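Residue numbers (our numbering): 109 to 191.
Think of the CB as a built atom: it goes at the ideal place given N, C-alpha and C, for glycine as much as any other residue.
Only a predicted model underlies this, so the values are computations on that prediction, with no experimental measurement involved.
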């Protein structure tokens, strides 16, 4: 894990900012999903929409991290001067 963080900190500032913000957003969405499930209580017809919302908040971070990873690679390539 230390190697991962040391490599991430050696990226250009823009790419590192993109990855860091996407990880923060992902953690926030996951925490909101857990809070919605806890607050909703038992599964019933009244709480069905809350469970659907929690499911979407659980699935969305996967796409966010994928897009951020691709974007940070593109930014790193652009700002490092490599062709």
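Verify whether the separation of the beta carbon atoms of residue i and residue j is less than 8 Å.
i           : j           : result
residue 134 : residue 160 : no
residue 158 : residue 137 : no
residue 184 : residue 129 : no
Could you check how far apart the C-beta atoms of residue i and residue j are, in whole angstroms? I think they sit under 8 Å.
i           : j           : result
residue 144 : residue 126 : With a Cβ gap of about 27 Å, residue 144 and residue 126 do not count as contacting.
residue 162 : residue 180 : At roughly 28 Å, the Cβ-Cβ gap does not stay under 8 Å, so residue 162 and residue 180 are not in contact.
Using only the alpha-carbon positions, how far apart do residue i and residue j sit?
i           : j           : result
residue 151 : residue 132 : 29 Å
residue 146 : residue 155 : 11 Å
residue 186 : residue 118 : 15 Å
residue 182 : residue 148 : 41 Å
Do you know whose CA, among the options, lies nearest residue i's CA?
i           : options          : result
residue 176 : 111, 124 and 114 : 124
residue 188 : 153, 122 and 178 : 122
Notebook entry, point to check: Can you list the beta strand (DSSP E) stretches of 3 or more residues lying completely in the segment 112-153, in chain order?
Noted result: none
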